[in-house]
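Just so we're aligned, residue 44 is where the sequence shown starts under our numbering, counting upward by one. Read the structure below first, then the notes.
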Amino acid sequence: MATSPSDTSKRGGLLRWLEERFPIQLFIDTQLTGYYAPKNLNRLYYFGVMALVLLVVQFTTGIFLAMSYKPGEATAFDSVQYIMREVEWGWLIRYAHSTGASFFFIVIYLHMFRALLYGSYKAPRELLWLFGMLLYLSLMAEAFLGYVLPWGNMSYWGAQVIVNLFSTIPGIGPGLAEWIRGDYVIADATLNRFFSLHVVAIPIGLLLLVTLHLTALRTAGSNNPDGIEKGPEESIPYHPYYVVADVVAVALFLVVFAIVVFFAPTFGGLFLEDANFEPANPLSTPEHITPVWYFTPYYAILRAIPDPRFGALLTLLAVASFLFLPWLDRSPVRSMRYKGWPSRIALAAFVTSFIALGYLGLQPAPRTYVVLARAFTVVYFAFFWLMPVYSRIGTASVRINPPTAPAA
Ligand code: HEM
């Protein structure tokens, strides 16, 4: 007689020994073979698992980097050179970590785009979305802190710009900026605390948030490209079907990742900027200060506004606007497949404005570029704050929840 998957009483050996002490079979039954996901998930659904893989890449390479990196004004830059030239495989570990950061953001932006496309932030997945947003904010903090550590000239001046944003807060601003720096200027104390936050505090937060994100995902279940909840007949077990598909996708992804790490680790100055190959110099400002590409859409918004205080506020709002999406979207359907043309045009305009702002943020800021950045800033905010109006227009009539079985 066949043994049912959860019937461990007939099993011997290691699995039974484990099962009596730890609910391993229960985990397999509820989270892998017995977890049903919609049949129609497409390639955009690979980016979640890729984010998990990158988290592992960043943690592993980060641990090895921390073995030879020495925080401190006098030692940081040289210790990174030492890693690159003297530590065995040090160049590979460092380039995998720096390329990993950029790939993380590529993957996360595509992961977020999928959620915008299929309305995955809408009920009942609001908390899943909010945990995702907290992950995004923590990733931004993690990337910024990490970028300061090599103590190159762009690290120094980038930190200067970001910490100065805090000093624009009325009243408490200057005191807060000094508290963050631990000094009157960006200095040794700043570098040491940024190191501690980058390797201990934020990674712990990331692990916790990933756990909450995935728990919320498994509670509400995956959405799908139709945005219509799927019944059991339209779902398949996560293992083996999606596990096998994920393994193939991750293998291909790692090939692309390796090509960049080995052949184009700075990606033409986009992943590692030229100015960061010079040591930090408080007396020499780089010709034009730009953050790494994944922050440049927000940086373009900051630079487009002449008043620094208002600019800082708008930059903060640009990031925070994502938090409100589950409540701004009033469409009765989730997926763009069934939304009306105003929602489709709005999403296309938003993506265009995000990419355009990202490009403008990387360039010096002549007058025409500033005017363009202002125009795209308007489009960016219109996407969010006009959503309660346009999301109601032109929706196809579909049912987003499956019909419930009639009571017996
Ligand atoms: C460290 C960062 C992150 C990791 C490791 C991660 C991981 C995952 C995984 C494994 C899934 C299931 C597979 C998939 O649907 O792609 C998922 C789903 C999801 N994630 Fe993330 N995620 C991260 C960040 C984010 C961010 C920043 C957001 C948005 C702000 C987000 C929003 C979502 C949503 C809405 C879903 C459900 C999508 C659906 O079912 O249609 N995640 N995430």
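For each residue, glycine too, the CB sits at the ideal point set by N, CA and C. For clarity, every value in this text was computed on a predicted model and none was experimentally measured.
Around the C-beta of Ala363, fewer than 16 other C-beta atoms lie within 10 Å, and the residue is accordingly described as exposed. Judged by DSSP in its simplified three-state form, Tyr152 adopts helix. If you draw a straight line from the Cα of Ala186 to the Cα of Thr309, it comes to about 16 angstroms. Straight-line spacing of the CA atoms in Leu153 and Gly175 works out to 13 angstroms. Secondary structure at Ile398: helix, using DSSP grouped into helix, strand and coil. Taking Lys82 as reference, the option from Pro193, Ile106, Gly264 with the minimal CA-CA separation is Gly264. For Pro340, same chain residues with a beta-carbon under 7 angstroms away, outside a window of 5 residues either side, are Phe397, Leu400, Gly401, Gly404 in chain order. Look at Gly195 here: in three-state DSSP terms it is strand. A contact is defined here as three or more CB-CB pairs under 8 angstroms, and the stretch 313-323 meets this definition with respect to the stretch 193-205. When rounded, the separation of the alpha-carbon atoms in Ala288 and Ala294 is 10 angstroms.
Distances between the C-beta of Asn266 and the heavy atoms of the ligand HEM include at least one below 7 angstroms. In the DSSP assignment, Ser278 falls within the beta strand (DSSP E) that extends over 278-280. Within 10 angstroms of the beta-carbon of Ala301 lie fewer than 16 other beta-carbons, which makes it exposed. The Cβ-Cβ distance between Ala355 and Trp194 does not fall below 8 angstroms. Ala425: member of the alpha helix (DSSP H) spanning 410-428, first to last residue. Under the criterion of beta carbons closer than 8 angstroms, Leu178 and Leu249 qualify as touching, at roughly 7 angstroms. Checking the 7 angstroms criterion, the Cβ of Ala158 is within range of a heavy atom belonging to the ligand HEM. Nearest C-alpha to Glu169 among Leu255, Ser210, Glu116: Leu255. Residue pairing by DSSP places Ala259 opposite no residue, since no beta bridge is assigned to it.
As the crow flies, the alpha-carbon of Pro66 is around 13 angstroms from that of Leu57. Around Gly91, the same chain offers His154 as residues with beta carbons nearer than 7 angstroms, after the five sequence neighbours per side are excluded.
Shortest gap from the CB of Ser145 to any heavy atom of the ligand HEM: 7 angstroms or more. The Cβ-Cβ distance between Thr420 and Ala307 does not fall below 8 angstroms. Here DSSP, grouped into helix, strand and coil, assigns Tyr337 to helix. Remark: C-beta atoms of Pro334 and Leu234 do not approach each other more closely than 8 angstroms. Leu182 sits close to Ile151, with the two beta carbons spaced by under 8 angstroms.
Look at Ala343 here: in three-state DSSP terms it is helix.
A contact is defined here as three or more CB-CB pairs under 8 angstroms, and the stretch 422-438 meets this definition with respect to the stretch 358-377. Look at the stretch 111-189 and you find no whole run of beta strand (DSSP E) that is 3 residues long or longer. Taking the Cα positions, Ala408 is about 12 angstroms away from Pro349. Contact fails between the stretch 266-282 and the stretch 218-227, because fewer than three Cβ pairs, one in each stretch, are under 8 angstroms apart.
DSSP places Ala80 in the uninterrupted beta strand (DSSP E) bounded by 79-81. Assigned with DSSP and collapsed to three states, Pro308 falls in coil, not helix or strand. When secondary structure is reduced to three states using DSSP, Pro322 falls in the strand class. In the DSSP assignment, Gly218 falls within the unbroken alpha helix (DSSP H) covering 216-224. When Cβ pairs closer than 8 angstroms are counted between the two stretches, the stretch 135-147 is seen to touch the stretch 96-110, the count reaching three or more.
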